[in-house]
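Trainee: Numbering (the UniProt record's numbering), first residue to last: 1 to 241.
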Amino acid sequence: MTDRETSVLLDELAGRVPVGPPPTARLLRAGRRARRRRTAGATLAVAAGVAVAVGGIVTVVDLAPGGGEPAPVVVAEEPAAGLPATPEAGSAAGSAMSQLPPNPTDSRTGPLADGGAASCVAEYSAAAVAERGFAFDGVVVAIGPSGTERSGSPGTELAGVTFAVQEWFSGGQGPTVTVDLPAPADGSGSSPVGQAPAYGVGSRLLVSGEDRWGAGPMADPIAWMCGFTRYYDEGTAAAWR
Numbered sequence: 001m002t003d004r005e006t007s008v009l010l011d012e013l014a015g016r017v018p019v020g021p022p023p024t025a026r027l028l029r030a031g032r033r034a035r036r037r038r039t040a041g042a043t044l045a046v047a048a049g050v051a052v053a054v055g056g057i058v059t060v061v062d063l064a065p066g067g068g069e070p071a072p073v074v075v076a077e078e079p080a081a082g083l084p085a086t087p088e089a090g091s092a093a094g095s096a097m098s099q100l101p102p103n104p105t106d107s108r109t110g111p112l113a114d115g116g117a118a119s120c121v122a123e124y125s126a127a128a129v130a131e132r133g134f135a136f137d138g139v140v141v142a143i144g145p146s147g148t149e150r151s152g153s154p155g156t157e158l159a160g161v162t163f164a165v166q167e168w169f170s171g172g173q174g175p176t177v178t179v180d181l182p183a184p185a186d187g188s189g190s191s192p193v194g195q196a197p198a199y200g201v202g203s204r205l206l207v208s209g210e211d212r213w214g215a216g217p218m219a220d221p222i223a224w225m226c227g228f229t230r231y232y233d234e235g236t237a238a239a240w241r
């Protein structure tokens with residue numbers, strides 16, 4: 001086709017097109033819709049990436065007709081490849097307890113026996129526990145030599161008992177504490193009731209007492225007997241709070 005033929009054809013086509021203002025507004029609206037569609041697609045991709053990275057959540061969505069906001073239509077929850085499954089609620093507390101040794105005195109209740117050697121200076125009650133220098137719920141993790149003995153100090157043979165503290169009621173803080181208690185007969189929790197107190201590594205006890213020499217509640221802590229140190233049970237723990 002020659003240049004002249006091309007010019008004639010263009011003139012004919014121009015004559016068939018309606019004359020009017022340029023469609024600027026329509027073109028701008030079309031451009032905005034196109035941008036919204038691109039933005040919605042990008043947002044969907046980012047959101048899906050975040051869901052997979054955080055919790056392995058795969059979300060399928062459908063874009064609304066006409067460039068509207070994306071509408072979720074299917075949500076599927078399954079572990080993403082290479083990621084661990086989401087843990088159950090409360091598993092952190094359960095995991096912490098599962099790391100403790102088994103309780104050899106789980107079936108025992110009430111106060112630890114003192115063999116009749118303790119001199120009770122106060123009658124046990126939950127209100128009296130609140131007046132003690134310290135009180136806590138703890139699991140025995142180690143039994144060693146006394147930490148409060150002084151040369152020539154008389155009395156019952158004592159052991160320094162280290163606890164993993166489950167809850168402080170008063171007087172202290174921190175995840176562990178070592179307190180003197182009357183030494184168990186064999187450390188296995190099988191001592192007969194009425195003799196040396198029955199407890200061992202793994203025993204869960206409610207312990208309250210005072211500083212032995214008056215320097216402060218946790219300077220030389222010693223557990224009180226006479227009911228003030230007991231095998232754990234939920235009802236007593238609630239009364240001590």
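Heads up, the beta-carbon is just placed ideally off N, CA and C, and yes, glycines get one too.
Are the beta-carbon atoms of residue 139 and residue 163 separated by less than 8 Å?
Mentor: Within the sequence shown, the letter at position 139 stands for residue 139. Within the sequence shown, the letter at position 163 stands for residue 163. The answer is yes: Cβ separation under 8 Å.
Trainee: In the DSSP assignment, find the alpha helix (DSSP H) that holds residue 129 and state where it starts and stops.
Mentor: As a working note, residue 129 is residue 129 in the sequence shown. Its alpha helix (DSSP H) spans residues 126-129.
Trainee: Which of the three DSSP states, helix, strand or coil, is assigned to residue 210?
Mentor: Translated into the one-based positions of the sequence shown, residue 210 becomes position 210. Three-state DSSP puts residue 210 in a strand.
Trainee: Is the beta carbon of residue 229 sitting closer than 8 Å to the one on residue 206?
Mentor: Counting from 1 along the sequence shown, the entry for residue 229 is found at position 229. Counting from 1 along the sequence shown, the entry for residue 206 is found at position 206. Yes; because the gap between Cβ atoms is below 8 Å, this pair is in contact.
Trainee: Reducing DSSP to helix, strand and coil, say where residue 150 ends up.
Mentor: Taking the first residue of the sequence shown as 1, we reach residue 150 at position 150. Here residue 150 sits in coil by DSSP.
Trainee: Write down the C-beta distance between residue 202 and residue 184 rounded to the nearest angstrom, noting that I regard them as a contact closer than 8 Å.
Mentor: Reading the sequence shown from its first residue, position 202 is the one you call residue 202. Reading the sequence shown from its first residue, position 184 is the one you call residue 184. Residue 202 to residue 184, Cβ: 12 Å. No contact.
Trainee: Assuming residue 197 contacts residue 122 under a Cβ cut-off of 8 Å, what Cβ separation, rounded to an integer in Å, is found between them?
Mentor: Mapped onto the sequence shown, residue 197 falls at position 197. Mapped onto the sequence shown, residue 122 falls at position 122. Going by Cβ atoms, the distance from residue 197 to residue 122 rounds to 19 Å, so no, they are not a contact pair.
Trainee: Put residue 123 into one of helix, strand or coil per three-state DSSP.
Mentor: For the purposes of this step, residue 123 is taken as residue 123 along the sequence shown, with counting starting at 1. Of the three classes helix, strand and coil, the one that applies to residue 123 here is coil, per DSSP.
Trainee: Does DSSP put residue 236 in a helix, in a strand, or in coil?
Mentor: Within the sequence shown, residue 236 is the residue found at index 236, counting from 1. It is helical.
Trainee: Taking the alpha carbon of residue 144 as the point to measure from, which residue in 105, 159 and 133 has its own alpha carbon closest?
Mentor: Here residue 144 refers to the residue found at position 144 when the sequence shown is read from its first residue. If we check each option's Cα against that of residue 144, 159 comes out closest.
Trainee: Check whether the Cβ of residue 216 sits closer than 7 Å to any heavy atom of the ligand PLP, and report yes or no.
Mentor: This structure lacks the ligand PLP; in fact it carries no ligand of any kind.
Trainee: With which residues is residue 231 paired in a DSSP beta bridge?
Mentor: Counting from one through the sequence shown, the residue named residue 231 turns up at place 231. Residue 231 pairs with 205.
Trainee: Give me whichever residues DSSP pairs with residue 136 in a beta bridge.
Mentor: Taking the first residue of the sequence shown as position 1, residue 136 is located at position 136. Its beta-bridge partners are 168 and 207.
Trainee: Nearest-angstrom Cα distance between residue 169 and residue 105?
Mentor: Residue numbering aside, residue 169 sits at position 169 when the sequence shown is read from its first letter. Residue numbering aside, residue 105 sits at position 105 when the sequence shown is read from its first letter. So the alpha carbons of these two residues sit roughly 22 Å apart.
Trainee: Distance check for residue 124 and residue 227, CA to CA, integer angstroms please.
Mentor: Along the sequence shown, read from residue 1 onward, the residue named residue 227 stands at position 227. Along the sequence shown, read from residue 1 onward, the residue named residue 124 stands at position 124. Their Cα atoms are separated by approximately 6 Å.
Trainee: What is the rounded straight-line gap between the Cα of residue 102 and the Cα of residue 204?
Mentor: Taking the sequence shown and counting its residues from 1, one reaches residue 102 at position 102. Taking the sequence shown and counting its residues from 1, one reaches residue 204 at position 204. Taking the straight line joining both Cα atoms gives about 10 Å.
Trainee: Can the beta-carbon of residue 127 be found closer than 8 Å to that of residue 240?
Mentor: Translated into the one-based positions of the sequence shown, residue 127 becomes position 127. Translated into the one-based positions of the sequence shown, residue 240 becomes position 240. Cβ atoms of residue 127 and residue 240: not closer than 8 Å.
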